[in-house]
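Residue numbers (the working numbering): 1004 to 1197. All C-beta atoms in this analysis are idealised placements derived from N, C-alpha and C, irrespective of residue type, glycine included. A short write-up of the structure that comes next.
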């Protein structure tokens, strides 16, 4: 069982790196040195994309979730937390784009980057979020995204292509226009590498 402590240490480092990524630029929170990402968008050309992501967890409602069930659909993965000001600010835009694109087969899933399920579910109720979110399980879920174009700030948004590969990433708050454009680029195969 020497593997388990190493796995937990690795998960803790991944979670710490994700929170450290919040120190790029942004708003301070209640005297804490919290900052969000700066909204940087990174696009990967299809030839530069890594293998499909392996993303599994338990939703905030207690149901099992596996991103493999969404293969064949463009999928938006948003890392958020209820205590995060940019996450609060972007929640309406995410729900808006989800509602606008679900009839086109676009899927959304959140990764709740906190341990307080009641605060997370209150956040979802407050903003009328109708797509599922899974818990980060102490950073283990985020750790599963290593080797891709990982989310390194809270919030971060990934857009997966139909094969489940990361095609685009936004570090920090995402606007409805930016997200809609990225989804459209992934759906149609447009966009530029960076």
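Nearest neighbour of residue 1084 by Cα position, chosen from 1105, 1148, 1121 and 1049, turns out to be 1121.
Assignment of residue 1184 by DSSP, reduced to helix, strand and coil, places it in the helix class.
Taking all protein chains in view, the Cβ of residue 1168 is crowded by 16 or more other Cβ atoms within 10 Å, so the residue is classified as buried. Within the DSSP secondary-structure output, residue 1068 pairs in a beta bridge with 1060.
Counting only residues of its own chain and dropping the five nearest sequence neighbours on each side, residue 1090 has a CB closer than 7 angstroms to the CB of 1083, 1084, 1157 and 1158. The continuous beta strand (DSSP E) containing residue 1043 extends over residues 1043-1046. Residue 1106 carries a helical assignment under DSSP once its states are collapsed to helix, strand and coil.
For residue 1121, the enclosing alpha helix (DSSP H) has its first and last residue at 1120-1130. In the three-state DSSP reduction, residue 1115 falls in the strand class (E or B).
In the three-state reduction of the DSSP assignment, residue 1137 falls in the strand class, which pools E and B. The DSSP-derived three-state label of residue 1190 is helix. Counting along the chain, residue 1177 sits inside no alpha helix (DSSP H), nor does DSSP assign it H or E at all. Beta bridge pairing from DSSP links residue 1078 with 1110 and 1163. Residue 1154 sits away from residue 1146, with the two beta carbons spaced by 8 angstroms or more. The continuous alpha helix (DSSP H) containing residue 1143 extends over residues 1143-1146.
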